[in-house]
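Take a look at the structure set out below.
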Amino acid sequence: DGSAGECAGCVFLKGVYGLVGRYFAHNRGHVLGDEVWAMFQALSLWGMEEEYRNMQVILHEDALNADVFEFVNARPVWTVGTVINQHGGFLCMETVVFGLAHLGYALGHSCGDGRSVTCRPKFLPPFQVNVRRFRLLAMELHGISERARPEVAQVVVTRKGRKALNPVRLVNTEEVVAAVKSLGVAVLVADWSTMSSKEQLALMSRTDVLVSLPGSDTMNAIWMPWDRSLVTPCRIYMDGRVDEGNETEIWFRYIHNVTRWCGFDRSRDVERVKGESHMRVPVEVVKALVGEQLGRLSD
């Protein structure tokens with residue numbers, strides 16, 4: 001903290017500023033987990049969570065995927081270059097929050113024992129408590145109310161956008177949707193690349209089951225109501241590697257019920273197309289897994 005009197009000869013900027021180093025900026029899921037969430041945890045340490053809505057976020061390098069901050073922050077994001085261009089290189093800020101490296105998704109739950117909530121720094125509030133506050137902050141900012149449990153459950157199936165960050169795709173999404181609809185539930189297909197942050201938040205805040213390949217597409221499950229369900233078929237790469245997703249180990253097994261499935265017949269269900277791995281998940285398997293989760297939620 002500082003005051004104008006302590007800043008002789010410099011430009012003094014009142015208010016709260018958050019300086020954010022980039023971690024994996026081209027991946028929106030990582031921006032959410034390692035930048036947006038990490039800043040929330042830093043503010044939690046100082047009892048400043050409510051400041052997030054109106055603080056000025058400053059990204060250290062470029063503004064790639066800066067709009068992810070819209071989940072919890074109402075102001076246009078700056079970069080360091082923006083600050084220097086507008087105010088010069090000699091300035092003082094009233095309050096600056098920085099130092100997020102081990103407060104985010106990727107590093108915050110990693111230690112010698114692997115990835116677990118037990119790796120979480122002891123000085124932070126309990127993980128589940130912080131997640132609830134984070135979600136509530138976003139919903140209040142965007143005027144989204146918690147809904148009562150509906151008579152008809154809502155299932156969201158994700159579909160990769162045109163600019164996929166990895167060469168693995170689920171190519172029978174429409175068949176999966178048709179099979180799940182036969183359970184008598186509302187089924188929606190989500191392509192995050194076509195939706196604003198508020199639209200993503202509104203959709204996931206009403207979702208009971210998310211069906212998605214693992215990876216950044218699952219990160220929006222942070223906005224689902226508490227103790228809902230994820231169904232995640234694994235990713236199989238053309239070199240034979242299998243990825244069941246870090247997101248479950250790091251985050252979602254502590255706040256939702258997660259079903260991971262990797263029983264693909266590689267000769268039948270996995271095909272190489274233009275350097276990508278195109279996978280067809282057996283629709284009856286997905287239908288059964290979703291049905292199990294819906295049964296759990298209705299108990």
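If you use UniProt numbering, the sequence shown corresponds to residues 1 to 299, in order. Quick reminder that beta carbons are idealized off the backbone N, C-alpha and C, glycines included. No experiment lies behind these values; they were computed from the predicted model shown.
Whose CA, out of the options, lies closest to the CA of residue i?
{"i": "D104", "options": "W78, V131, E94, V80", "result": "One detail in the question is off: residue 104 reads as Gly in this sequence, not Asp. G104 has its Cα closest to that of V131, out of W78, V131, E94, V80."}
{"i": "G18", "options": "I58, F24, R159", "result": "I58"}
{"i": "W261", "options": "K287, R135, M238, M219", "result": "K287"}
{"i": "F40", "options": "P125, V152, H60", "result": "P125"}
{"i": "Q242", "options": "P214, P225, E175, I250", "result": "Reading the sequence as shown, one finds Val at residue 242 and not Gln. Checked all of P214, P225, E175, I250; the closest Cα to V242 is P214."}
{"i": "V152", "options": "Y23, V209, T79", "result": "V209"}
{"i": "P225", "options": "F264, E271, M139", "result": "M139"}
When the Cα atoms are used, what is the spatial distance from residue i to residue j?
{"i": "G47", "j": "F127", "result": "16 Å"}
{"i": "S298", "j": "P150", "result": "11 Å"}
{"i": "V117", "j": "R280", "result": "33 Å"}
{"i": "I255", "j": "S216", "result": "17 Å"}
{"i": "R159", "j": "L170", "result": "8 Å"}
{"i": "residue 371", "j": "I250", "result": "Past the boundaries of the shown model lies residue 371; the chain is included only from 1 to 299, so the question cannot be answered."}
{"i": "R91", "j": "F252", "result": "Checking the sequence shown, residue 91 turns out to be Leu, not Arg. When rounded, the distance between both Cα atoms is 41 Å."}
{"i": "A179", "j": "N172", "result": "11 Å"}
{"i": "A63", "j": "G295", "result": "43 Å"}
{"i": "V177", "j": "V285", "result": "12 Å"}
For residue i and residue j, which I take to be in contact (beta-carbon distance under 8 Å), what is that distance rounded to the nearest angstrom?
{"i": "R53", "j": "L183", "result": "That pair is no contact at about 39 Å."}
{"i": "V156", "j": "A190", "result": "5 Å"}
{"i": "S277", "j": "Y237", "result": "6 Å"}
{"i": "L100", "j": "G9", "result": "30 Å between Cβ atoms; not a contact."}
{"i": "W37", "j": "F123", "result": "With a Cβ gap of about 16 Å, W37 and F123 do not count as contacting."}
{"i": "H60", "j": "V80", "result": "6 Å"}
Grab me the residues of residue i's own chain with a C-beta within less than 7 Å of its C-beta, minus the 5 sequence neighbours each way, in chain order.
{"i": "G88", "result": "V11"}
{"i": "L43", "result": "E49, E51, Y52, V97"}
{"i": "G275", "result": "P167"}
{"i": "M219", "result": "G29, L32, G33, E247"}
{"i": "E244", "result": "P214, C234, R260, C262"}
Tell me which same chain residues have a C-beta within less than 6 Å of the C-beta of residue i, skipping the five on either side of it?
{"i": "T248", "result": "V258"}
{"i": "V181", "result": "In the sequence as displayed, the identity of residue 181 is Lys instead of Val. The answer, listed in chain order, is V187."}
{"i": "residue 300", "result": "Any question about residue 300 goes unanswered here, given that the chain covers just 1 to 299."}
Enumerate in chain order the residues of its own chain whose CB-to-CB distance from residue i is below 8 Å, with the five nearest sequence positions on each side excluded.
{"i": "A74", "result": "R53, N54, L141"}
message = Below 8 Å, how does it come out for the region 187-206 and the region 231-239: are there three or more Cβ pairs, yes or no?
response = The answer is no - the region 231-239 does not touch the region 187-206, with fewer than three Cβ pairs under 8 Å.
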